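Under the UniProt record's numbering, the residue at position 50 of the sequence shown is numbered 50, and the numbers go up by one with no gaps. By construction, the Cβ of each residue, glycine as well, lies at the ideal position given by its N, Cα and C atoms. What you are looking at is a predicted structure, and each value in this text was computed from that prediction instead of being measured. Data block below; observations after.
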Amino acid sequence: MIEIPSDLHKDLVPLAFLLGNWAGAGVHDFPGAEKCNFGQEVTFTHDGRDFLEYGSRTWVLDGDGNKVRPLESEHGFWRIDADRKVEVTMTRDDGVIEIWYGELAEGKPQIDLVTDAVARTAAARPYSGGKRLYGYVKSDLMWVGEKQTPEVELRPYMSAHLKKVVTPEEVERWAKALPDDMPDDGIAFFK
1 MIEIPSDLHK DLVPLAFLLG NWAGAGVHDF PGAEKCNFGQ EVTFTHDGRD
51 FLEYGSRTWV LDGDGNKVRP LESEHGFWRI DADRKVEVTM TRDDGVIEIW
101 YGELAEGKPQ IDLVTDAVAR TAAARPYSGG KRLYGYVKSD LMWVGEKQTP
151 EVELRPYMSA HLKKVVTPEE VERWAKALPD DMPDDGIAFF K
């Protein structure tokens, strides 16, 4: 269920499907780096202004699904204009700062992004750009990222399947919003 908060900036309504806390797992595979499964937590929040705040943490998982060590962290801001054009500014823990542009697909919650500018600190690994695809599919958030370096052509390197994390406060709020005349057997509700 996509919920649109009453205090969400009107320009951000098309991005409301991103809001919330997400968690799941994915695969990381890029030449010169460790191939692994990873866990991920993603948060999209808003404070009433015309952007979403974004944060992502990933960590390497062992064969049993246990956290081994951090993999990547990102933080950024997402905006959308009246023509459904999306812009993202993003900072990564490895010393890379990116500006991404793309658009929200017509008629479906899917965003295609491409890097427009990349800045790197002296300590950052080689990186020259990327692409990302985010999609809201059957109430889950899925994404795939591609990247390129001066030595490696653009290719997929990470993808994940994330589920919405429901907090106890959200459950309580939903419970209070249920109608008083709900059937107690659950069956009559569907008749």
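| Check | Outcome |
| --- | --- |
| 6 angstroms Cβ shell around residue 91 - same chain, five flanking residues per side excluded | 75, 97 |
| Nearest-angstrom beta carbon gap, residue 61 and residue 39 [assumed within contact, 8 angstroms] | 5 angstroms |
| Three-state secondary structure assigned by DSSP to residue 7 | coil |
| Residue 124 vs residue 95 beta-carbon contact at 8 angstroms | yes |
| Residues sharing a beta bridge with residue 97, DSSP | 91, 119 |
| Three-state class that DSSP yields for residue 168 in the structure shown | helix |
| Nearest candidate by alpha-carbon position, reference residue 117, set 56, 73, 89 | 89 |
| Segment contact, 8 angstroms Cβ cut-off, at least three pairs: the stretch 102-111 with the stretch 130-137 | yes |
| Of the listed residues 162, 139, 154, 161, nearest to residue 17 (C-alpha basis) | 139 |
| Start-to-end residues for the beta strand (DSSP E) that takes in residue 149 | Per DSSP, residue 149 belongs to no beta strand (DSSP E) and is neither H nor E. |
| Whole-angstrom C-beta distance between residue 30 and residue 51, which should lie under 8 angstroms | About 29 angstroms separates the two Cβ atoms, so there is no contact after all. |
| Outcome for residue 13 when other beta-carbon atoms lying within 10 angstroms are tallied against a minimum of 16 | exposed |
| DSSP state of residue 16 mapped onto helix, strand, coil | helix |
| Residues bridged to residue 37 [DSSP beta-bridge criterion] | 27, 61 |
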